[in-house]
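Colleague:
There are 2 protein chains.
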Amino acid sequence: MSVIRLENAPSVIGYAAVVGRREHEGPLSDDFDLHDEKEKFGMDTWEKAESEMQRLALNLALAKAKLTGKELGAIFAGDLMNQCIGSSYAAECSHRPFFGLYGACSTFAEGSVLGSLLVDRGVFSKCAVLASSHFCTAERQFRYPLEYGGQRTPTSQRTATAAGAFILSAQGAGPYVREVLPGTIVDMGITDINNMGAAMAPAAYDTLTKYFEETGKKPEDFDLILTGDLGKEGHGIICDFMKNAGYDMSGVYNDCGLMLYSAATQDMHAGGSGCGCSASVMAGHIMKRFEKGTVRDVLYIATGALMSPASLQQGRSIPGIAHLVRISAERGGE
Amino acid sequence: MSVIRLENAPSVIGYAAVVGRREHEGPLSDDFDLHDEKEKFGMDTWEKAESEMQRLALNLALAKAKLTGKELGAIFAGDLMNQCIGSSYAAECSHRPFFGLYGACSTFAEGSVLGSLLVDRGVFSKCAVLASSHFCTAERQFRYPLEYGGQRTPTSQRTATAAGAFILSAQGAGPYVREVLPGTIVDMGITDINNMGAAMAPAAYDTLTKYFEETGKKPEDFDLILTGDLGKEGHGIICDFMKNAGYDMSGVYNDCGLMLYSAATQDMHAGGSGCGCSASVMAGHIMKRFEKGTVRDVLYIATGALMSPASLQQGRSIPGIAHLVRISAERGGE
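Which chain is which? The protein sequence lines are A and B, in order. In terms of our numbering, the first sequence is residues -17 to 316. In terms of our numbering, the second sequence is residues -17 to 316.
1) Under the rule that 16 or more other beta-carbon atoms within 10 Å means buried, what is B:ASP237, buried or exposed?
2) Closest by CA to A:PHE58, which one among A:GLY85, A:ALA45 and A:LYS46?
3) Give the DSSP bridge partners of B:ASP237, in chain order.
4) List, in chain order, every chain B residue whose beta-carbon is nearer than 8 Å to that of A:VAL101.
5) Going by Cα to Cα distance, which pick from B:THR191, B:ILE175, B:SER69 and B:ALA(-2) is closest to B:ASN226?
6) If you pair each beta-carbon of the region 58 to 68 of chain B with each one of the region -17 to -10 of chain B, do three or more pairs fall below 8 Å?
7) For B:PHE90, does the three-state DSSP call read helix, strand or coil?
8) According to DSSP, simplified to helix, strand and coil, what is B:TYR193?
9) Of the choices B:ARG3, B:GLY2 and B:LEU49, whose alpha-carbon is the least far from that of B:ILE(-5)?
10) Are any of the Cβ atoms in chain B nearer than 8 Å to that of A:TYR126?
11) If you draw a straight line from the C-alpha of B:ASP12 to the C-alpha of A:GLY131, how long is it?
12) Comparing C-alpha positions only, which one of A:ASN176, A:ILE219 and A:GLY266 sits nearest to A:LEU40?
13) On the DSSP letters alone, give me the boundaries of the alpha helix (DSSP H) that A:GLU7 sits inside.
14) Taking DSSP's pairing of strands, which residues face B:ALA284 in a bridge?
15) For the region 16 to 32 of chain A, enumerate the residues whose C-beta is nearer than 7 Å to any C-beta of chain B, in chain order.
16) Closest by CA to B:ILE219, which one among B:ASP188, B:GLU53, B:SER244 and B:ALA144?
17) Mark B:GLU312 as exposed unless 16 or more other C-beta atoms lie within 10 angstroms of its C-beta, in which case mark it buried.
18) Please classify B:GLN123: is it buried, with 16 or more other beta-carbons within 10 angstroms of its beta-carbon, or exposed?
19) Return the first residue and the last residue of the beta strand (DSSP E) that A:ARG160 is part of.
20) Pairs of beta-carbons, one from the region 198 to 214 of chain B and one from the region 291 to 308 of chain A, closer than 8 Å: are there three or more?
21) Rounded to whole angstroms, what is the Cα-Cα separation between A:ASP222 and B:SER114?
22) Give the DSSP-derived three-state secondary structure of A:ILE57 in the structure shown.
23) Work out the CA separation of B:CYS118 and B:PRO127 for me, nearest whole Å.
24) Run through DSSP, which three-state label would B:ALA180 get?
25) Mind checking A:ASP249: buried by the 16 CB within 10 Å criterion, or exposed?
26) Check whether the Cβ of A:CYS66 lies closer than 8 Å to any Cβ atom in chain B.
27) What does the alpha-carbon distance come out to for the pair A:ILE172 and A:GLY179?
28) Quick one: Cα of A:ILE283 to Cα of B:GLY51, how far?
29) Short check: CB of B:LEU294 to CB of B:VAL263, under 8 Å?
30) Beta carbons nearer than 9 Å to chain B: which residues of the region 140 to 174 of chain A have them?
31) Have a look at A:PRO136 and A:ASN177 and give me their C-alpha separation to the nearest angstrom.
32) Tell me the residue span of the beta strand (DSSP E) that contains B:ALA144.
33) Is the CB of B:PRO79 under 8 Å away from at least one CB in chain A?
34) Closer than 8 Å, CB to CB, is A:GLY84 near chain B or not?
35) Does the Cβ-Cβ distance between B:GLU32 and B:ALA142 come in under 8 Å?
36) Out of A:ASP174, A:GLY258 and A:VAL280, which has the shortest C-alpha to C-alpha gap to A:ARG298?
Structure follows, in C-alpha cells:
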C-alpha cells in the first residue's frame, strides 16, 4: 500500500450537491445546489427519488463544467441500496461507460480515486464521480419500516439524504486531485450496527498514519483533514488514536458527518452518514471553500462500513475501509 | 465510448476457479481448481461459504502465480449479495488496497477492465480481480427461501455456485489483456426477472457492435467470442441481433451460462448466471485452453442486469450492461 502521486493532477471542473430537507436546514445549506423539502424529487418512491437526486447532481455538475454528458469518458458511481440501484438507474439515461462501485460511505472517495487515476494516466480525458444516499431508502432497508418510528441510540448516525457529483478533467484550473491512497479493509471486531463510527475509525487511522508516515507530512501541513462520516463517536476515537501515534490533528480536523447537521438545533445523535454525506459536503461545501480560497489543501478520507444486515445477523463483525484523496488549489509543489 | 488499447498489455499470471457440486458435475469439471460438494466450504452459513469460496480462489491464484498477497497493489472484487459482503469478508484478511465493485454478472469483466487499465498505465504492478456467486445466497435473497422449493420458469437461469480469480501483472508470459471496452447501460424495458438473458442481450449487442465497428474486426478474427451469461434466451437474441447487423458469429460464439452445465444431463433451464459463472469459466476453463493452445484470441463480454428486487417491485425495467475484455496469447500485433 502506498500513496499514489498524480503527476498530471486532474482538475475538479464541475461539482454539485443535491440534498433533502434536514440537510437544507443544516449549517451548510448555502453551499448546496438544489434541495427538495419533500425529499421525493418528483418521484413516487424513495428509491426512485434517490436515483433522481443522483441524476440531478450529475446534470448540475455537468452544467457548471459547461459540458454535455457525451463528453464524459466514464461514470463511477455507487450508493447504499441493495444492488446499487440508485446509481444504475441514475446513469442509464447518460449512455456513458459505467463502473458501478460498492464502498458503502467511502464510495465517493473510492470513485474519486479510480476516476482521478484513470484521468491522470490518460485513459479518460473527463469522467464523473457520483454517490448518493437517502434516509428513507436506508432506514427501511437497514433498520425499520419508516412508519414504525423506531428510536435511535445515541451513538447512531443518520443516513443523509444527499447526492454529490464531481467532474474530473485532465484540463482545468483546479482544484486538483494531487494524491490518492486507496484503503485497506480493517476489522477490529466491532459488531454494533448502531456504532458505525467505532467500526470505521480504525480504518481511517490505518490510512491516515500510512499517509503521514510515507509522505513525511504532518497534520498541520493541511488546511483541513476531513473524514467521511465517522460522526461523534468515530471523531473522538480517531483523535485519540492519532494523538497516541504522535499526530495532533486538533485545529485542522473535522468530519463530514458532524458538519452536515447542527448539533445544537438538529437532533441527529452522532451525526450524518451514508454515501451522500461526504459526497455532498465535498461537492458542495468544500468546493465552495476552494472557490473562496478559504482552503487550499485538503485531505479527504472517506470511510465505509462494509457489512450488511445479513452479515451482522450471522454474528460477523463490521469491516471498515478508508480511501484518501488529497485535493489542492495548486497542481504542483509539495 | 471507445475501445481502449493496452499498449503494455498486462499478463494474466495467475488464475483459479472454485465451484460447488452442480458446477463440478458439469462438462467443465476438470478445469476447476477446487470444489465442495457440500457447497459450504467449511462455513456455517451460505453467505460465509461464498466469501470463503472467493478467498480460496484468490489464494489458489496467488499460489499458481507464486506470489504472496503482499505483492498485490490492489484487489478489485464484487458479488451479488446485498452490500457485496462476499467480497469484503473475502478480502479482509489479505490487507491489500480494496476496490469494491457492483456490476451484477458483469463484475468479473468490470474488475478486469479496471485492474488491467491500472496495471497497463503503471499504477499497480500487480493486482487481483475476484468475483463470486452462490446459488443458496442468491436464491434466498432474490427469489424464495430455499426450503420453499420454488419451481423455476423455463427462461430462468441458475445462479452458479462459483468464484473466479485473476492475477494481473505488468510482467508475464501471457495470456495478455490487449483491449477493453467498458460498457454503457442499455435498458430496453424488459421487466421479467425470470428472463434476464433478454434484459442483458441488448447491452451485449451494444458493446459488441461498437467494438467491431471501431476496430474494423470481424467475429471470425477471433477463436472465441464469449458472453458472460446470457443463457439460452439471451444467446438466441444476441445471435439474431448480430446477424441482422451483418456480423455472423456462428462457429465462434458461446456463452458461459450455457457452457457451465450440461443441457442434456443437468436440468438447468436457460443455463447458469451470477458473477461466479463467467468468472469461473474464464479463470478455469478458458485459461486452461490458453495453456493448451486451443484458443489464442478471445473476446470476453460479461453482461450484468443492474436491477434489484425492490426496483422490480416498483415496476422499473431491468438495465443491462456489458463490459468487453480481449485476451490474447500474443502481446502485440493485430
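All residues carry an ideal CB built from backbone N, CA and C; glycine is no exception. Every value quoted in this text rests on a predicted model; they were computed, and no experiment measured them.
Modeller: For this structure:
1) By 1-based counting over the second sequence, the position of residue 237 of chain B is 255. A residue is called buried once 16 or more other Cβ atoms fall within 10 Å of its Cβ, and B:ASP237 is buried on that count.
2) The sequence position of residue 58 of chain A within the first sequence is 76, counting from 1. Relative to the Cα of A:PHE58, the nearest Cα in the group A:GLY85, A:ALA45 and A:LYS46 belongs to A:GLY85.
3) If you number the second sequence from 1, residue 237 of chain B lands on position 255. DSSP output for B:ASP237 lists B:THR209 as bridge partner(s).
4) Stepping through the first sequence from its first residue, residue 101 of chain A is reached at position 119. Among the residues of chain B, none has a CB under 8 Å from the CB of A:VAL101; the nearest is roughly 11 Å distant.
5) Numbered from its first residue, the second sequence carries residue 226 of chain B at position 244. Per the C-alpha coordinates, the member of B:THR191, B:ILE175, B:SER69 and B:ALA(-2) positioned closest to B:ASN226 is B:THR191.
6) With a cut-off of 8 Å, the region -17 to -10 of chain B and the region 58 to 68 of chain B do not count as touching, because too few Cβ pairs lie within range.
7) Reading the second sequence from its first residue, position 108 is the one you call residue 90 of chain B. Note: B:PHE90 maps to helix in three-state DSSP.
8) Within the second sequence, the letter at position 211 stands for residue 193 of chain B. In the structure shown, B:TYR193 falls within a helical segment according to DSSP collapsed to helix, strand and coil.
9) For the purposes of this step, residue -5 of chain B is taken as the residue at position 13 of the second sequence. Minimum Cα distance to B:ILE(-5) is reached at B:LEU49.
10) As a first step, residue 126 of chain A is located in the first sequence; it is residue number 144 there, counting from the start. Judged by the 8 Å Cβ criterion, A:TYR126 is not in contact with chain B.
11) On the second sequence, residue 12 of chain B is found 30 positions in, with the first residue counted as 1. On the first sequence, residue 131 of chain A is found 149 positions in, with the first residue counted as 1. Across the structure, B:ASP12 and A:GLY131 are spaced so that their CA atoms are roughly 55 Å apart.
12) Locating residue 40 of chain A in the first sequence gives position 58, counting from the first residue. Of A:ASN176, A:ILE219 and A:GLY266, the residue nearest in Cα terms is A:GLY266.
13) The residue labelled residue 7 of chain A in the question sits at position 25 within the first sequence. Looking at the DSSP string, the run of the alpha helix (DSSP H) that includes A:GLU7 is 3 to 7.
14) In the second sequence, the residue the question calls residue 284 of chain B occupies position 302. According to DSSP, B:ALA284 shares a beta bridge with B:HIS305.
15) Cβ contacts with chain B come from THR27, GLU29 and LYS30.
16) If you number the second sequence from 1, residue 219 of chain B lands on position 237. It is B:ASP188 whose Cα lies nearest to the Cα of B:ILE219.
17) Taking the second sequence and counting its residues from 1, one reaches residue 312 of chain B at position 330. Of the residues assessed, B:GLU312 falls on the exposed side of the cut-off, its CB having fewer than 16 other CB atoms within 10 angstroms.
18) Within the second sequence, numbered from 1, the residue matching residue 123 of chain B stands at position 141. In this structure B:GLN123 is buried. Its beta-carbon is surrounded by 16 or more other beta-carbon atoms within 10 angstroms.
19) In the first sequence, the residue the question calls residue 160 of chain A occupies position 178. Unbroken beta strand (DSSP E) run through A:ARG160: 158 to 163.
20) Verdict: no, contact absent.
21) Position 240 of the first sequence holds residue 222 of chain A. Position 132 of the second sequence holds residue 114 of chain B. Computed Cα separation, rounded: 38 Å.
22) By 1-based counting over the first sequence, the position of residue 57 of chain A is 75. Residue state, collapsed to three classes: strand.
23) Translated into the one-based positions of the second sequence, residue 127 of chain B becomes position 145. Translated into the one-based positions of the second sequence, residue 118 of chain B becomes position 136. It is roughly 9 Å from the alpha-carbon of B:PRO127 to the alpha-carbon of B:CYS118.
24) As a position in the second sequence, residue 180 of chain B is number 198, starting the count at 1. If DSSP states are grouped into helix, strand and coil, B:ALA180 belongs with the helices.
25) Sequence index remark: in the first sequence, residue 249 of chain A carries index 267 (1-based). Exposed: under 16 other Cβ atoms inside 10 Å.
26) The sequence position of residue 66 of chain A within the first sequence is 84, counting from 1. Closer than 8 Å: yes.
27) For the purposes of this step, residue 172 of chain A is taken as residue 190 along the first sequence, with counting starting at 1. For the purposes of this step, residue 179 of chain A is taken as residue 197 along the first sequence, with counting starting at 1. Whole-angstrom Cα-Cα distance: 10 Å.
28) Taking the first residue of the first sequence as position 1, residue 283 of chain A is located at position 301. Taking the first residue of the second sequence as position 1, residue 51 of chain B is located at position 69. When rounded, the distance between both Cα atoms is 24 Å.
29) In the second sequence, the residue the question calls residue 294 of chain B occupies position 312. In the second sequence, the residue the question calls residue 263 of chain B occupies position 281. Not closer than 8 Å, so no.
30) Against chain B - using a Cβ distance shorter than 9 Å - the residues of the region 140 to 174 of chain A are LEU163, PRO164, GLY165, THR166, ILE167, VAL168 and ASP169.
31) Within the first sequence, the letter at position 154 stands for residue 136 of chain A. Within the first sequence, the letter at position 195 stands for residue 177 of chain A. The alpha-carbon atoms of A:PRO136 and A:ASN177 are separated by roughly 9 Å.
32) Sequence index remark: in the second sequence, residue 144 of chain B carries index 162 (1-based). Looking at the DSSP string, the run of the beta strand (DSSP E) that includes B:ALA144 is 144 to 151.
33) Sequence index remark: in the second sequence, residue 79 of chain B carries index 97 (1-based). Yes, B:PRO79 lies at the interface with chain A (some Cβ there is under 8 Å from its Cβ).
34) Here the question's residue 84 of chain A lines up with position 102 in the first sequence. The displayed chain sequence assigns Tyr, not Gly, to residue 84 of chain A. For A:TYR84, the nearest CB of chain B lies under 8 Å from its own CB, placing it at the interface with that chain.
35) The residue you call residue 32 of chain B lines up with position 50 of the second sequence. The residue you call residue 142 of chain B lines up with position 160 of the second sequence. Taking 8 Å as the cut-off, the beta carbon of B:GLU32 is found no closer than this to the beta carbon of B:ALA142.
36) Here residue 298 of chain A refers to the residue found at position 316 when the first sequence is read from its first residue. When each option's Cα is compared against that of A:ARG298, the closest is A:ASP174.
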